[in-house]
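Chains as they are written, first to last, in the working numbering: chain A, 1196 to 1432; chain B, 1196 to 1432.
Number of protein chains: 2
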Amino acid sequence: MVPPPRVAAEPEPSEDAADAAAPDEDELRASDGRVPGRRGRATRQRLLDCTRAMLATTAYRDVKVIDIAREAGTSPATFYQYFADVEAAVLVLAEDVAREAAHLSAIVEDGDWDEASAPATAAALVDGFLRFWDDNRPVLRVMDLATDEGDDRFRKIRVGFLNDITRALAEVAQAAVVAKRLPKGTDPMATAGVLVSMLAHVAAHQYGFEFWGIRTKHLRATMVRQLAWGITGHLPD
Amino acid sequence: MVPPPRVAAEPEPSEDAADAAAPDEDELRASDGRVPGRRGRATRQRLLDCTRAMLATTAYRDVKVIDIAREAGTSPATFYQYFADVEAAVLVLAEDVAREAAHLSAIVEDGDWDEASAPATAAALVDGFLRFWDDNRPVLRVMDLATDEGDDRFRKIRVGFLNDITRALAEVAQAAVVAKRLPKGTDPMATAGVLVSMLAHVAAHQYGFEFWGIRTKHLRATMVRQLAWGITGHLPD
DNA sequence: TGCAGATCTGACGGTGTGTCAGATCCTAGG
DNA sequence: CCTAGGATCTGACACACCGTCAGATCTGCA
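See below:
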């Protein structure tokens, strides 16, 4: 369950300069401790893509290394060159997803939360959540599971990306407390955290709602209302 | 992924009368289609208990039939006599958990939701959720995963048990809409559904919050506030 | 062109799966 | 008390996946 310690080794600047395609992953190591070159990185990426695809079509429990490798046109041994196990590959996917989530906190930070604008800003955030979960559901659900199972590597990623949004919302709530629109004892961080939970869970189970007759339109409106009021204290409508 | 069709067979009334210990599970069949007797049911239960225990200590992905069987002091072949696979056993555990959840909807139905009582009733429901998730976390997280993966057998159970609570809350919301404490367009069911989502998700990730410094006390207060307002339209405090 | 890594894989021992046929257990009826 | 016959369990097996090597193959460059 513990990530293997990264072996410290002298860098390979010639390679590094050659392909600056990798954004900030210059810490990559294969299982044998060497820094992969162009070909290696391509294989690794192919394996990641296939893992993501697999996750979208197969129950997590049934995702096998051999299937991923076959799909990627390579052998299981190659998979193990880059990842300790399936979980490790998913962890990398989770990191990617978390990076993509940055635009969600931007919505909170860049939006206006005064009485007139709050509903629209809240709506933008709600839509962002729904869309984001739609795009990344397979990875996010494994992330949720692993976090709940006590895996700290996943928890850190999850907390990290939700944290940015939560902090941003907490600032808004804090302002509302100061302005006495929210009751004095209100904990801004707890408020923001609970609302982010609401957003995350509804987004995750969106289709579960339709299943029992709730239209997405109403769902969305309710989320917006609950969020806007909870965070600003402005009564909606 | 599809449950095996139950083979229709003539019942065994003599056995049935002998041990009425089983509440409503008289539809039980072993893999070979026969109705298990006392000994069989005991073995089955032992396997279920071990499955639950396993789930509490081991990542779902790593829960193996052979481990469950070993733990139960029996052989894998016996496990397969009662369950098609690990998932099938967890499904039964999920049904049990859902049955236990009945008391949560009772809190909503039996409680008062007038302005004076709403916070206390909401608090009781919040505590019920937190406690319930605490007691059944391992099964509930697998239920969430399977539901999200599109498994309808789990979805039905999940929806079924949350449905009772949601319906009960929706009635309260409906009353608030009629009384014009909630805006006219409000969909009571969607409102209740979103709030139940909030409760479920916060309860599921309770310890994730503590991880980043939010005290359970504040978390609870926020949930209560959000729930009481959202469902009754009464401003708290 | 040929060498020195870099990358990949065949092959293998180990473990888990799922399914029989038959062994073992239990109990009702003699 | 004994025994037949159904209820229950399991050894054994064929198959699949895991995880790890040593060595085969590929690639870029001197």
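We put the beta carbon where it would ideally sit given N, CA and C, even for glycine.
Residue burial classification, residue i (beta-carbon count within 10 angstroms, cutoff 16)
{"i": "B/Gly1323", "result": "buried"}
{"i": "B/Ile1352", "result": "buried"}
{"i": "A/Glu1403", "result": "The question names Glu, yet the displayed sequence has Gly at residue 1403 of chain A. A/Gly1403 is buried by the Cβ-count criterion."}
{"i": "A/Val1303", "result": "buried"}
{"i": "B/Glu1405", "result": "exposed"}
{"i": "A/Val1373", "result": "exposed"}
{"i": "B/Gly1428", "result": "buried"}
{"i": "B/Thr1342", "result": "buried"}
{"i": "A/Thr1411", "result": "exposed"}
{"i": "B/Gly1408", "result": "exposed"}
{"i": "B/Thr1252", "result": "exposed"}
{"i": "A/His1298", "result": "exposed"}
{"i": "B/Arg1420", "result": "buried"}
{"i": "B/Ile1426", "result": "buried"}
{"i": "B/Asp1346", "result": "buried"}
{"i": "B/Ala1315", "result": "exposed"}
{"i": "B/Ala1311", "result": "exposed"}
DSSP-derived helix/strand/coil call for residue i
{"i": "B/Glu1290", "result": "helix"}
{"i": "B/Phe1278", "result": "coil"}
{"i": "B/Gly1268", "result": "coil"}
{"i": "A/His1298", "result": "helix"}
{"i": "A/Gly1232", "result": "coil"}
{"i": "A/Leu1320", "result": "helix"}
{"i": "B/Thr1377", "result": "The question names Thr, yet the displayed sequence has Leu at residue 1377 of chain B. It is coil, neither helix nor strand."}
{"i": "B/Ala1254", "result": "coil"}
{"i": "B/Gly1425", "result": "helix"}
{"i": "B/Leu1430", "result": "coil"}
Distance between beta carbons of residue j and residue i, contact taken as under 8 Å
{"i": "A/Met1384", "j": "B/Ser1392", "result": "About 20 Å; that fails the 8 Å criterion."}
{"i": "A/Thr1238", "j": "A/Thr1273", "result": "6 Å"}
{"i": "A/Phe1349", "j": "A/Ala1296", "result": "So it is not a contact: roughly 14 Å between Cβ atoms."}
{"i": "B/Trp1424", "j": "A/Trp1308", "result": "Contact flag wrong, Cβ pair sits at about 18 Å."}
{"i": "B/Leu1422", "j": "B/Ala1317", "result": "5 Å"}
{"i": "A/Val1260", "j": "B/Leu1414", "result": "Contact doesn't hold; Cβ gap of about 39 Å is too wide."}
{"i": "A/His1396", "j": "B/Ala1395", "result": "6 Å"}
{"i": "B/Met1418", "j": "B/Val1287", "result": "Between B/Val1287 and B/Met1418 the Cβ distance is about 31 Å, and since that is not below 8 Å, they are no contact."}
{"i": "A/Val1334", "j": "A/Val1281", "result": "About 12 Å; that fails the 8 Å criterion."}
Cβ neighbours of residue i in the same chain (closer than 7 Å, five flanking residues each side left out)
{"i": "A/Asn1358", "result": "none"}
{"i": "A/Ser1270", "result": "Ala1264"}
{"i": "A/Ser1444", "result": "In this structure chain A extends from 1196 to 1432, so residue 1444 of chain A is not present and cannot be described."}
{"i": "B/Val1337", "result": "Leu1250, Tyr1255, Val1285"}
{"i": "B/Gln1369", "result": "Pro1383"}
Close Cβ partners of residue i (< 6 Å) along its chain, the five nearest in sequence each way excluded
{"i": "B/Pro1398", "result": "Per the sequence shown, the amino acid found at residue 1398 of chain B is Ala instead of Pro. Around B/Ala1398: Phe1324, Leu1325, Trp1328."}
{"i": "A/Ala1365", "result": "Pro1383, Met1384, Ala1387"}
{"i": "B/Thr1381", "result": "Val1372"}
{"i": "B/Val1367", "result": "Trp1308, Ile1426"}
Same chain only: Cβ atoms within 8 Å of residue i, ignoring 5 sequence neighbours per side
{"i": "A/Asp1244", "result": "Ala1267"}
{"i": "B/Asp1339", "result": "Arg1353, Ala1399"}
{"i": "A/Asp1242", "result": "Reading off the sequence, residue 1242 of chain A comes out as Leu, not Asp. Ile1263, Ala1264, Ala1267, Thr1269, Thr1273, Phe1274, Tyr1277, Phe1278, Ala1284."}
{"i": "A/Arg1376", "result": "Thr1427, Gly1428, His1429"}
{"i": "B/Gly1355", "result": "Ala1293"}
Which ranges does the beta strand (DSSP E) cover as unbroken runs of at least 3 residues, wholly within the stretch 1383 to 1414 of chain A, from first to last along the chain?
-> none
Any beta strand (DSSP E) of 3 or more consecutive residues that is wholly inside the stretch 1306 to 1375 of chain B | none
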